[in-house]
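Visitor: This is the structure I have questions about; it appears just below.
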Amino acid sequence: MRFEAITWERLTAALADHLGGAEADGQPSSPWLKVAVDGAPAARTGEVAERLAEELRLRGRTVLVVGTEGFLRPASLRYEFGKEDAGSYYDGWFDTGALWREVFGPLEPGGSGRVLPDLWDPATDRATRSPYVHLPPGGVLLLHGPMLLRHWFPFDLTVHVRLSAGALERRTEAGAKWTLPALARYEREAEPGEAADVLVRADDPRHPAWTGLPGHHS
705 MRFEAITWER
715 LTAALADHLG
725 GAEADGQPSS
735 PWLKVAVDGA
745 PAARTGEVAE
755 RLAEELRLRG
765 RTVLVVGTEG
775 FLRPASLRYE
785 FGKEDAGSYY
795 DGWFDTGALW
805 REVFGPLEPG
815 GSGRVLPDLW
825 DPATDRATRS
835 PYVHLPPGGV
845 LLLHGPMLLR
855 HWFPFDLTVH
865 VRLSAGALER
875 RTEAGAKWTL
885 PALARYEREA
895 EPGEAADVLV
905 RADDPRHPAW
915 TGLPGHHS
């Protein structure tokens, strides 16, 4: 697999152009485009999603950025087997049922476009009570977070921001290093580097490299 050096600005601009072209080609099965920015927390997928959102907005698109950290399950469920259980992090931390119900369901063909941007605040361990957001037809959902490519979510484009094992170890906060076995398991079992449409290598966050766009790999 060949990687080409690129800047974040050029990368997100190319992705935004590609999404516009995909819609023009009539590929999406619903009026909304749904994009994954997948990667470990240390990969800063939220920053990548916000950069891409800005590029899309410059092109006149309505964009909703959603982070999976807003769809954590309550602490009583996350910490059922202890606060540092990698198996729970892999299987039980994120409320995928709520993501299907509140985010993807409304964006199915014939859906309302009425999306809940977040559900649970991990700091207070209470519901956020955020209002629903209406994403008009032609709008784009950008969902970012870890381990997204193992749930069969109906994405139109998937981007995986990869860190090598060494970079992941270095860039993961000390208090979160217990999650590393779960993230390694995800790489091993879901093979996101092969499953994603676009693979970005970000060991040095200042100098990313990528494999190119779908159908245009180097």
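Position 162 of the sequence shown, counting from 1, maps to 866 under our numbering, and the rest follow consecutively. Note that the Cβ used here is the ideal one computed from N, Cα and C, for glycine as well.
1) List the whole-angstrom C-beta distance separating Phe775 from Phe808, where the pair is believed to meet the contact cut-off of C-beta under 8 angstroms.
2) Identify the continuous alpha helix (DSSP H) that holds Leu756 and give its terminal residues.
3) What residue range is occupied by the uninterrupted beta strand (DSSP E) comprising Leu847?
4) Quick one, are the C-beta atoms of Tyr794 and Ala718 less than 8 angstroms apart?
5) Per DSSP, which residues does Thr939 bridge with? Please list them.
6) Output the distance between the C-alpha atoms of Gly771 and His864, rounded to the nearest integer angstrom.
7) Rounded to a whole number of angstroms, what is the C-alpha to C-alpha distance between Asp908 and Ala744?
8) When you compare the CB positions of Leu846 and Val739, do they come within less than 8 angstroms of one another, or not?
9) What residues in its chain sit with their C-beta under 7 angstroms from that of Ala757, if we drop five residues either side in the sequence?
10) Between the segment 777-789 and the segment 895-902, do at least 3 Cβ pairs fall closer than 8 angstroms?
Guide: Short version:
1) Contact doesn't hold; Cβ gap of about 11 angstroms is too wide.
2) Thr749 to Leu762
3) Val844 to Gly849
4) no
5) An answer regarding residue 939 cannot be provided, because it is not within the stretch 705 to 922 covered by the chain.
6) 15 angstroms
7) 14 angstroms
8) yes
9) Val767, Val769 and Leu846
10) no
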